[in-house]
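Scroll down for the structure; my scribbles are underneath it.
Here it is as structure tokens:
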């Protein structure tokens, strides 16, 4: 087998890692994320090199294509010393897709799914944060306003007969929603960010969460 590569010393170490684990009894479990990282040519990660908490590697940004400018904008505004940190993982069921999570300590603030030429927000809201978002909704884009109209009960089983739902300014809000990541999202801002008109209110929504 002939391997051609340029300016990428970690490639050989990454291949050695995979070769050594192929014969391991639990090699399949170890290599599941490794193969995905190898396909991304993310050889530094395969070699276990330390990841920065405050920025993203170029291959993640390249995955977002032209929309990487919005991802960089959010990182510049919310990530850094004394602010949020980045937790980066590969989505195991979709390719290519990176999960970029902003965290403060153990608290997850929001998530961005970075796919090919696409950045999608996942911003779960608590009851109080959702009320502030509703109050500001007239200043948001039609895309975000449509998203807010879909707030409602998701039958999570934490109450009976949607007893925790309440009307606020005509919107359906859940009083026990934690705003944390999980399987049920009664109130979540999930949109594709592809214009500055969307990015600006998304920044304001993240600020609402940080101040709540």
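In our numbering, the protein residues as written are 25 to 236.
Cβ coordinates follow ideal geometry from the N, Cα and C atoms, glycine included.
query, result
"Supposed contact pair residue 236 and residue 152 - C-beta distance, whole angstroms, cut 8 Å", "6 Å"
"DSSP three-state assignment for residue 109, whether helix, strand or coil", "strand"
"Buried versus exposed, by CB contacts within 10 Å (16 or more), residue 23", "The structure shown does not extend to residue 23, since the chain is modelled only from 25 to 236, so the question has no answer here."
"Rounded straight-line distance, which links the Cα of residue 137 to that of residue 123", "5 Å"
"Buried or exposed (CB count within 10 angstroms, at least 16 for buried), residue 148", "buried"
"Straight-line gap, residue 231 to residue 107 (C-alpha atoms, nearest Å)", "12 Å"
"Residue 170 to residue 189 span [Cα, whole Å]", "19 Å"
"Residue from 182, 211, 118, 142 whose Cα sits closest to the Cα of residue 173", "211"
"Residues bridged to residue 191 (per DSSP)", "196"
"Rounded straight-line distance, which links the Cα of residue 154 to that of residue 221", "20 Å"
"Beta-carbon spacing of residue 168, residue 213 below 8 Å", "yes"
"Coil, strand or helix - residue 163 by DSSP", "helix"
"C-alpha gap between residue 142 and residue 135, whole angstroms", "13 Å"
"DSSP bridge partner residues for residue 128 (one or two, in chain order)", "131"
"For residue 227, the three-state DSSP class (helix, strand or coil)", "helix"
"Whether residue 120 touches residue 92 by CB criterion (8 Å)", "no"
"Minimum C-alpha distance to residue 183 - residue among 84, 194, 225, 199", "199"
"Whether residue 192 touches residue 158 by CB criterion (8 Å)", "yes"
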